[in-house]
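Report on one structure; see the data block that follows.
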Amino acid sequence: MTPALTIEGLRKTYKNGFEALKGISFDVQEGDFFALLGPNGAGKSTTLGIVSSLVNKTSGEVKVFGYDLDTDKAMAKLQLGVVPQEFNFNAFEKVQDIIVTQAGYYGIGRKVALERSETYLKKLGLWEKRNVAARQLSGGMKRRLMIARALVHQPKLLILDEPTAGVDIELRRSMWQFLKEINAQGTTIILTTHYLEEAESLCRNIAIIDKGLIVENTSIKSLLQRLNTETFIFDLAKELPSAPELSGYSVRLTDPRTLEIDVEKKQGLNAVFNELSQQGIDVLSMRNKSNRLEELFVSLVETSLNKEANQ
Amino acid sequence: MNSKLIWTAFWTIVVKEIRRFTRIWVQTLLPPAITMTLYFIIFGNLIGARIGEMGGFDYMQYIAPGLIMMSVITNSYGNVVSSFFGTKFQRHIEELLVAPVPNWVILAGYVTGGAARGLGVGIIVTALSLFFTQLHISHLWITLSTVILTAIVFSLGGFINAVYANSFDDIAIIPTFVLTPLTYLGGVFYSISLLPAFWQGVSQLNPILYMVNSFRYGILGVSDINIVFAFAMIAMFILLLGAYAMHLLNTGKGIRN
Chain A
486 MTPALTIEGL RKTYKNGFEA LKGISFDVQE GDFFALLGPN GAGKSTTLGI VSSLVNKTSG
546 EVKVFGYDLD TDKAMAKLQL GVVPQEFNFN AFEKVQDIIV TQAGYYGIGR KVALERSETY
606 LKKLGLWEKR NVAARQLSGG MKRRLMIARA LVHQPKLLIL DEPTAGVDIE LRRSMWQFLK
666 EINAQGTTII LTTHYLEEAE SLCRNIAIID KGLIVENTSI KSLLQRLNTE TFIFDLAKEL
726 PSAPELSGYS VRLTDPRTLE IDVEKKQGLN AVFNELSQQG IDVLSMRNKS NRLEELFVSL
786 VETSLNKEAN Q
Chain B
5 MNSKLIWTAF WTIVVKEIRR FTRIWVQTLL PPAITMTLYF IIFGNLIGAR IGEMGGFDYM
65 QYIAPGLIMM SVITNSYGNV VSSFFGTKFQ RHIEELLVAP VPNWVILAGY VTGGAARGLG
125 VGIIVTALSL FFTQLHISHL WITLSTVILT AIVFSLGGFI NAVYANSFDD IAIIPTFVLT
185 PLTYLGGVFY SISLLPAFWQ GVSQLNPILY MVNSFRYGIL GVSDINIVFA FAMIAMFILL
245 LGAYAMHLLN TGKGIRN
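Put into structure tokens, the structure is as follows:
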């Protein structure tokens, strides 16, 4: 099957000499929900900018569903919908006009464009705002407007560059639900985000980019399996004067009612509960200290930094 | 893209452009109407009455084609430079760049939008001029082709200015310091035959002279310059500016990193 996106040896050096991409390569398979992660300035937006034709590449090859962005640009672009990080619509235009105009750029006639704009504006909860100037929308509504605009030509590949940045939790979860639905209907999705919980919850595969290089490209499942130690927080029923001794575990008392315990994958949690129970310590609740993917992400980026320091 | 898709994309840009300048008509259509009315009153009626004839016509009749052309030039240029710069500034140029719209369609759409405003204002000013003088068109096709081609030349100029502009100041510099002086010195208010030989030669370096005179020839049947040469000059400007604008779009100057 032809990959939804093929990136081969992609390089970008800006005019000021900054080398944003140092020859990255990866594929995104059709139907995938793919996360492209990395710290600020790692090269994520440059990569997506090149795929979206907003940034000129220095060298390398980009194919969208087999269509080369250099030699078959129009067909490649027809497959692609883009939701950028920054708002980039005419703030003085009405919401529905923005969608209909964008449809026109893809050769969609006004009648069909009006029908599709109604469909997507309703799906994204913006139909009531269709005659409002875009500048009057809230931040979350503006993000949803950009998603509706990117979908109006029904692309096979949707690129979302931090789509939920600055969006409240309730809206973020409704956007996740919407994205899961369109992915289930066959749209391939590539997502960049700083919310690793978002990537873990939505995506099946992942590439981590740092300093212009891909430092990891695998499935989220296999990545999480590499996590050897997890830190759990235990909320206690009664106050403790000091941290209890648990054989083989590193235990910290962060406040009289909260324990922090590092648990290696091979150890499991049953032994922790047994030992706590034997010492008469009642646990009310337990949670991960941080998102699992976040721990891995930090360790991978730190490894990359250490390698660079040692070179 | 097939021709239907290209046509739809082109028409979408044109409609968007026309909707933009008609939505803000108080800023785009009303000011030239007021300014040109003042020109007709002050230069035509009050001062013109004392000047007498020029080129065999009363002064009001003589300057009317020039004033119409001046409004077409400034509005064609102004529409594209402000619209395309605004598109860059607000970043909604990205809507076009991600879409499968060929660069020549982007250019054609903006230029048609600019020409539409220039010609729209030209019609308004022509209608106003009829309150002050009588205009009989001597050569219809020369009149129409000159005004349309001139609108295209200055729409292309506005586009190039917008590509290079980095701030709102940058879109005001060319109209203020280049376009306005060239227009005033381009034979709008006088025949260059009034000038000494040296300044007549200098005036012939001014491209606007050819457009104003060609248009005046179309309406009044008089011109300071050869009409065929004037059309050749206008065509040359369209080719040069069009090719340069396409080069800028293809290299992504000012719009792509």
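For the protein sequence lines, the chains are A and B, in the order given. Numbered according to this note's numbering, the first sequence spans residues 486 to 796. Numbered according to this note's numbering, the second sequence spans residues 5 to 261. For every residue, glycine included, the Cβ atom is placed at its ideal position computed from N, Cα and C. Values in this document were obtained by computation on a predicted structure and should not be read as measured data.
query                                                                                                                                                                 : result
Which parts of the segment 562-622 of chain A are runs of the beta strand (DSSP E), unbroken and 3 residues or longer, counting only runs that do not cross its ends? : 565-568
Mind reading off the beta-carbon distance from G48 of chain B to V226 of chain B? Whole number of angstroms is fine, and I expect it under 8 Å.                       : The pair is not a contact, with the Cβ atoms about 17 Å apart (cut-off 8 Å).
What are the residues in the segment 95-112 of chain B lying within 7 Å of chain A by C-beta distance?                                                                : R95, H96, E98, E99, L100, L101, V102, A103, P104 and V105
Assuming E745 of chain A and T714 of chain A form a contact by the criterion Cβ under 8 Å, report the distance between their Cβ atoms to the nearest whole angstrom.  : Not quite, the Cβ-Cβ distance comes to about 12 Å (not below 8 Å), so this is no contact.
Spell out the partners DSSP gives S159 of chain B in its beta bridges.                                                                                                : Beta-bridge pairing links S159 of chain B to no other residue.
CB-CB under 6 Å to Y63 of chain B, same chain, minus the five flanking residues each way: which ones, in chain order?                                                 : G52 and I55
Hey, could you find the ends of the beta strand (DSSP E) S510 of chain A is sitting in?                                                                               : E504 to V513
For T586 of chain A, go through chain B and note every residue whose CB falls closer than 7 Å to its CB, in chain order.                                              : T16 and K20
So what's A692 of chain A in DSSP terms, helix, strand or just coil?                                                                                                  : strand
Select from the segment 537-550 of chain A all residues with a C-beta closer than 9 Å to any C-beta belonging to chain B, and list them in chain order.               : S537, S538, L539, V540 and N541
Find the residues of chain B that neighbour G592 of chain A, judging by a C-beta separation of less than 7 Å, and give them in chain order.                           : M5, K8, L9, T12 and A13
With burial defined as no fewer than 16 other Cβ atoms inside 10 Å of the residue's Cβ, what is the status of V206 of chain B: buried or exposed?                     : exposed
From what residue to what residue does the alpha helix (DSSP H) around R27 of chain B run?                                                                            : S7 to R27
Are there three or more Cβ pairs, one per stretch, closer than 8 Å when the segment 627-647 of chain A is compared with the segment 667-676 of chain A?               : yes
Sort A:R601, A:N573 and A:L698 by Cα distance to R620 of chain A and report the nearest one.                                                                          : A:N573
Using the C-alpha atoms, what's the distance from I97 of chain B back to L123 of chain B?                                                                             : 25 Å
L656 of chain A and G697 of chain A: beta carbons closer than 8 Å?                                                                                                    : no
Taking the alpha helix (DSSP H) that M73 of chain B belongs to, which residues open and close that run?                                                               : Y63 to F93
Assuming the contact rule is C-beta atoms closer than 8 Å, G258 of chain B and K92 of chain B should be a hit. Round their C-beta distance to whole Å, please.        : 7 Å
Buried or exposed, going by whether 16 or more other CB atoms sit within 10 Å of the CB of T26 of chain B?                                                            : exposed
Just mark R737 of chain A as buried or exposed, buried being the case when its beta carbon has 16 or more other beta carbons within 10 Å.                             : exposed
Which residues of chain B have a Cβ atom closer than 9 Å to the Cβ of P569 of chain A, listed in chain order?                                                         : R95, E98 and V102
Would you mind telling me which residues of chain A sit closer than 9 Å to G82 of chain B, beta carbon to beta carbon, in chain order?                                : Correct list: empty, because the minimum Cβ distance to chain A is about 18 Å.
In angstroms, rounded to a whole number, what distance separates the CA positions of V768 of chain A and P726 of chain A?                                             : 16 Å
If you run the structure through DSSP and keep just helix, strand and coil, what is I259 of chain B?                                                                  : coil
On a CA-only basis, which of B:T184, B:Y221 and B:I17 is nearest S149 of chain B? Give me that one, please.                                                           : B:Y221
Using the C-alpha atoms, what's the distance from L101 of chain B back to T12 of chain B?                                                                             : 16 Å
Alpha carbon to alpha carbon, what distance is there between G191 of chain B and I1 of chain B?                                                                       : For chain B, the structure presents residues 5 to 261; residue 1 of chain B sits outside this window and is missing.
Kindly say whether N261 of chain B, judged by its beta-carbon, lies nearer than 8 Å to any beta-carbon of chain A.                                                    : yes
Please report the residue range of the alpha helix (DSSP H) in which S727 of chain A lies.                                                                            : Segment: none, S727 of chain A is in no alpha helix (DSSP H) and carries neither H nor E.
So the candidates are B:M250, B:S218 and B:S7; which of them puts its Cα closest to the Cα of D228 of chain B?                                                        : B:S218
Check whether the Cβ atoms of L521 of chain A and K529 of chain A sit closer than 8 Å, and answer yes or no.                                                          : yes
What does N755 of chain A pair with, by DSSP beta-bridge criteria?                                                                                                    : DSSP, once it has assigned bridges, lists no residue as partnering N755 of chain A.
Excluding sequence positions up to five away, which residues of its chain have a Cβ less than 8 Å from the Cβ of S732 of chain A?                                     : E760
If we count the other Cβ atoms within 10 Å of its Cβ and call it buried at 16 or more, is R601 of chain A buried or exposed?                                          : buried
Can you give the Cα-Cα distance for N107 of chain B and F518 of chain A, rounded to whole angstroms?                                                                  : 32 Å
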